[in-house]
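Have a look at the structure below before the remarks.
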Amino acid sequence: MSADFLPTSGDVDSHSRGPKKKSWAILALGLSLFGVLAIIGGIWALYNYAAQPMPVTAQDREAVIDIHHLAEWLEDYVPDEQGEVISKTKFLDGSYDLEYEYDRPDDDSEPYLYCSVTVDRNKAEAHASFLATLQATQLGIKLFAEGETNMVQRSDVFSWGEESQFAIVEFEGEPIGNMFIAREQNYTFYFVVYGVYFDDSDSVHDLLSEKLRRMTHYQP
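In terms of the working numbering, the numbers along the sequence shown are unbroken and rise by one, the last being 498.
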(Lines of atoms letter the chains of each structure in order from A; the text may use other names.)
(Lines give C-alpha, C1' and ligand atoms only; values in the text may rest on other atoms or scores of the structure.)
Protein backbone atom coordinates (compact mmCIF):
# COMPACT_ATOMS: atom_id res chain seq x y z
CA MET A 279 0.00 0.00 0.00
CA SER A 280 1.21 3.50 -0.73
CA ALA A 281 0.98 6.71 1.20
CA ASP A 282 -1.00 9.73 0.11
CA PHE A 283 0.95 12.52 -1.59
CA LEU A 284 -0.73 15.90 -1.50
CA PRO A 285 -1.52 17.37 -4.93
CA THR A 286 -1.67 21.11 -5.57
CA SER A 287 -5.43 21.24 -5.94
CA GLY A 288 -8.45 19.01 -6.26
CA ASP A 289 -9.08 15.72 -4.49
CA VAL A 290 -6.27 13.66 -3.07
CA ASP A 291 -5.29 10.84 -5.40
CA SER A 292 -3.27 8.18 -3.61
CA HIS A 293 -1.99 6.82 -6.93
CA SER A 294 -0.32 10.01 -8.13
CA ARG A 295 2.14 12.50 -6.76
CA GLY A 296 2.48 16.21 -7.28
CA PRO A 297 3.37 19.44 -5.50
CA LYS A 298 2.28 19.52 -1.89
CA LYS A 299 -0.98 21.24 -1.17
CA LYS A 300 -0.37 24.65 0.42
CA SER A 301 3.38 24.19 0.27
CA TRP A 302 3.97 27.42 2.19
CA ALA A 303 2.17 25.81 5.12
CA ILE A 304 4.51 22.82 4.92
CA LEU A 305 7.42 25.23 5.05
CA ALA A 306 5.90 26.85 8.13
CA LEU A 307 5.62 23.42 9.73
CA GLY A 308 9.24 22.77 8.83
CA LEU A 309 10.08 25.89 10.80
CA SER A 310 7.96 24.56 13.65
CA LEU A 311 10.03 21.37 13.68
CA PHE A 312 13.15 23.51 13.76
CA GLY A 313 11.65 25.13 16.84
CA VAL A 314 10.95 21.69 18.31
CA LEU A 315 14.56 20.65 17.84
CA ALA A 316 15.75 23.91 19.38
CA ILE A 317 13.53 23.29 22.41
CA ILE A 318 14.78 19.72 22.76
CA GLY A 319 18.36 20.92 22.36
CA GLY A 320 17.82 23.44 25.11
CA ILE A 321 16.49 20.74 27.41
CA TRP A 322 19.46 18.52 26.67
CA ALA A 323 21.83 21.40 27.35
CA LEU A 324 20.62 21.44 30.94
CA TYR A 325 21.87 17.89 31.44
CA ASN A 326 24.86 17.68 29.13
CA TYR A 327 27.81 20.03 29.31
CA ALA A 328 29.62 18.48 26.36
CA ALA A 329 28.65 16.57 23.23
CA GLN A 330 30.92 14.68 20.88
CA PRO A 331 30.10 14.11 17.18
CA MET A 332 30.64 10.47 16.26
CA PRO A 333 31.28 8.76 12.90
CA VAL A 334 28.13 7.46 11.22
CA THR A 335 28.26 3.78 10.31
CA ALA A 336 26.21 1.58 8.01
CA GLN A 337 24.51 0.17 11.11
CA ASP A 338 23.47 3.70 12.08
CA ARG A 339 21.90 4.28 8.68
CA GLU A 340 19.93 1.05 9.01
CA ALA A 341 18.50 2.19 12.35
CA VAL A 342 16.51 5.14 10.97
CA ILE A 343 13.84 5.57 8.33
CA ASP A 344 15.53 7.42 5.50
CA ILE A 345 14.08 8.84 2.31
CA HIS A 346 14.92 5.67 0.36
CA HIS A 347 12.90 3.58 2.80
CA LEU A 348 10.01 6.05 2.64
CA ALA A 349 10.20 6.08 -1.17
CA GLU A 350 9.12 2.41 -1.23
CA TRP A 351 5.63 3.66 -0.32
CA LEU A 352 5.58 6.55 -2.81
CA GLU A 353 4.76 5.65 -6.39
CA ASP A 354 7.01 7.02 -9.15
CA TYR A 355 9.16 8.94 -6.68
CA VAL A 356 12.96 9.16 -6.85
CA PRO A 357 14.61 11.02 -3.94
CA ASP A 358 17.53 13.40 -4.25
CA GLU A 359 20.38 12.30 -2.01
CA GLN A 360 21.60 15.90 -1.74
CA GLY A 361 18.74 16.53 0.68
CA GLU A 362 20.03 14.01 3.24
CA VAL A 363 21.84 14.78 6.49
CA ILE A 364 22.63 12.18 9.16
CA SER A 365 24.57 12.65 12.38
CA LYS A 366 25.38 10.81 15.60
CA THR A 367 26.20 12.50 18.89
CA LYS A 368 27.54 11.09 22.14
CA PHE A 369 26.76 13.07 25.28
CA LEU A 370 28.80 13.36 28.43
CA ASP A 371 26.43 11.12 30.37
CA GLY A 372 26.92 8.26 27.88
CA SER A 373 23.65 8.69 25.98
CA TYR A 374 23.48 8.92 22.18
CA ASP A 375 21.37 10.73 19.59
CA LEU A 376 21.19 9.46 16.02
CA GLU A 377 19.42 11.97 13.74
CA TYR A 378 18.41 11.80 10.08
CA GLU A 379 16.82 14.59 8.04
CA TYR A 380 15.69 14.86 4.43
CA ASP A 381 14.86 18.39 3.34
CA ARG A 382 14.65 20.03 -0.08
CA PRO A 383 13.32 23.53 0.67
CA ASP A 384 13.98 24.57 -2.94
CA ASP A 385 11.49 21.99 -4.27
CA ASP A 386 7.88 22.12 -3.03
CA SER A 387 7.12 18.69 -4.49
CA GLU A 388 9.51 17.00 -2.06
CA PRO A 389 8.45 15.56 1.29
CA TYR A 390 10.16 16.56 4.51
CA LEU A 391 11.41 13.71 6.72
CA TYR A 392 13.01 13.61 10.16
CA CYS A 393 13.82 10.46 12.13
CA SER A 394 15.88 9.96 15.27
CA VAL A 395 16.87 7.25 17.72
CA THR A 396 17.89 8.23 21.24
CA VAL A 397 19.73 5.71 23.42
CA ASP A 398 19.65 6.60 27.10
CA ARG A 399 21.38 4.93 30.03
CA ASN A 400 18.22 3.48 31.53
CA LYS A 401 14.43 3.32 31.21
CA ALA A 402 13.80 6.27 33.51
CA GLU A 403 15.95 8.59 31.43
CA ALA A 404 14.40 7.23 28.23
CA HIS A 405 10.94 7.95 29.63
CA ALA A 406 12.08 11.53 30.30
CA SER A 407 13.39 11.78 26.72
CA PHE A 408 10.07 10.47 25.39
CA LEU A 409 8.05 13.02 27.34
CA ALA A 410 10.41 15.91 26.53
CA THR A 411 10.32 15.17 22.79
CA LEU A 412 6.54 14.77 22.70
CA GLN A 413 5.94 17.95 24.69
CA ALA A 414 8.47 19.87 22.59
CA THR A 415 6.68 18.72 19.43
CA GLN A 416 3.33 19.93 20.72
CA LEU A 417 4.82 23.21 21.92
CA GLY A 418 6.77 23.74 18.70
CA ILE A 419 3.66 23.37 16.54
CA LYS A 420 1.76 25.72 18.84
CA LEU A 421 4.45 28.40 18.88
CA PHE A 422 6.02 28.22 15.42
CA ALA A 423 3.49 26.82 12.94
CA GLU A 424 1.37 29.32 11.02
CA GLY A 425 -2.36 28.99 10.54
CA GLU A 426 -4.62 26.41 12.15
CA THR A 427 -2.24 23.51 12.67
CA ASN A 428 -3.12 20.55 14.87
CA MET A 429 -1.63 17.22 15.79
CA VAL A 430 -4.50 14.73 15.97
CA GLN A 431 -3.65 11.72 18.11
CA ARG A 432 -4.51 8.45 16.35
CA SER A 433 -3.01 5.70 18.43
CA ASP A 434 -5.80 3.48 17.10
CA VAL A 435 -3.89 3.48 13.80
CA PHE A 436 -0.62 2.30 15.32
CA SER A 437 1.02 1.80 18.70
CA TRP A 438 4.21 0.07 19.76
CA GLY A 439 6.49 -0.54 22.73
CA GLU A 440 6.09 0.46 26.35
CA GLU A 441 4.72 3.88 25.41
CA SER A 442 3.98 5.53 22.08
CA GLN A 443 1.88 8.07 20.25
CA PHE A 444 0.91 8.20 16.58
CA ALA A 445 -0.61 11.37 15.16
CA ILE A 446 -1.81 12.89 11.91
CA VAL A 447 -0.69 16.49 11.45
CA GLU A 448 -3.47 18.64 10.01
CA PHE A 449 -3.39 22.13 8.54
CA GLU A 450 -6.75 23.91 8.36
CA GLY A 451 -8.48 20.56 8.83
CA GLU A 452 -6.60 18.73 6.09
CA PRO A 453 -3.98 16.01 6.73
CA ILE A 454 -0.46 16.97 5.67
CA GLY A 455 1.84 14.62 7.60
CA ASN A 456 2.50 12.31 10.52
CA MET A 457 4.28 12.21 13.85
CA PHE A 458 5.19 9.02 15.68
CA ILE A 459 7.17 8.57 18.87
CA ALA A 460 7.77 5.37 20.81
CA ARG A 461 9.86 4.14 23.71
CA GLU A 462 10.99 0.60 24.44
CA GLN A 463 13.44 -0.04 27.27
CA ASN A 464 16.08 2.72 27.08
CA TYR A 465 15.43 3.52 23.39
CA THR A 466 13.26 6.32 21.98
CA PHE A 467 12.24 6.43 18.31
CA TYR A 468 10.93 9.67 16.76
CA PHE A 469 9.54 10.09 13.23
CA VAL A 470 8.05 13.14 11.50
CA VAL A 471 7.02 13.48 7.86
CA TYR A 472 5.34 16.41 6.05
CA GLY A 473 4.00 16.51 2.50
CA VAL A 474 2.87 12.89 2.60
CA TYR A 475 0.76 11.14 5.21
CA PHE A 476 -0.32 7.68 6.33
CA ASP A 477 -3.72 7.00 7.85
CA ASP A 478 -4.23 3.24 7.72
CA SER A 479 -2.81 0.66 10.09
CA ASP A 480 -1.38 -1.73 7.51
CA SER A 481 0.74 0.90 5.76
CA VAL A 482 2.02 2.38 9.02
CA HIS A 483 2.83 -1.08 10.37
CA ASP A 484 4.75 -1.96 7.21
CA LEU A 485 6.61 1.36 7.25
CA LEU A 486 7.68 1.37 10.91
CA SER A 487 7.66 -2.10 12.41
CA GLU A 488 10.92 -3.50 11.06
CA LYS A 489 12.94 -0.47 12.20
CA LEU A 490 11.27 -0.58 15.61
CA ARG A 491 12.00 -4.28 16.08
CA ARG A 492 15.66 -3.70 15.25
CA MET A 493 15.96 -0.67 17.49
CA THR A 494 16.38 -2.50 20.79
CA HIS A 495 19.39 -4.35 19.33
CA TYR A 496 21.00 -1.18 18.03
CA GLN A 497 24.42 -0.38 19.50
CA PRO A 498 25.59 3.17 18.65
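Don't be surprised by glycine CBs; every beta carbon is placed ideally from N, CA and C.
Please identify the residue among A410, F436, F369 and E379 whose C-alpha is closest to the C-alpha of V363. Along the sequence shown, read from residue 1 onward, the residue named residue 363 stands at position 85. It is E379 whose Cα lies nearest to the Cα of V363.
With three or more C-beta pairs closer than 8 Å as the rule, is the region 399 to 418 touching the region 457 to 471? yes
Would the region 382 to 397 and the region 471 to 478 be scored as touching if the rule is three or more Cβ pairs under 8 Å? yes
Could you tell me if G451 is buried or exposed, where buried requires 16 or more neighbouring beta carbons within 10 angstroms of its beta carbon? Counting from one through the sequence shown, the residue named residue 451 turns up at place 173. By the beta-carbon neighbour count (other beta carbons within 10 angstroms, threshold 16), G451 is exposed.
Between the region 477 to 488 and the region 406 to 426, do three or more beta carbon pairs fall short of 8 Å? No, the region 477 to 488 does not touch the region 406 to 426.
Look up Y390 in the DSSP assignment and give the residues it is bridged to. By 1-based counting over the sequence shown, the position of residue 390 is 112. DSSP lists Y472 as partners of Y390.
As assigned by DSSP and simplified to three states, the class of V430: By one-based count along the sequence shown, residue 430 stands at place 152. V430 falls in the strand class under three-state DSSP.
Tell me, which residues are paired with F375 by DSSP? Sequence index remark: in the sequence shown, residue 375 carries index 97 (1-based). According to the sequence displayed, residue 375 carries Asp and not Phe. Answer is T367 and T396, bridged to D375.
What does a CB cutoff of less than 6 Å around V334 pick up in its chain, not counting 5 residues either side in sequence? Position 56 of the sequence shown, counting from 1, holds the residue named residue 334. Hits under 6 Å: I364 and K366.
Beta carbon of S373, beta carbon of D398: below 8 Å? For the purposes of this step, residue 373 is identified with residue 95 of the sequence shown, where counting begins at 1. For the purposes of this step, residue 398 is identified with residue 120 of the sequence shown, where counting begins at 1. Judged by beta-carbon spacing, D398 lies within the 8 Å limit of S373, meaning their Cβ atoms are closer than that value.
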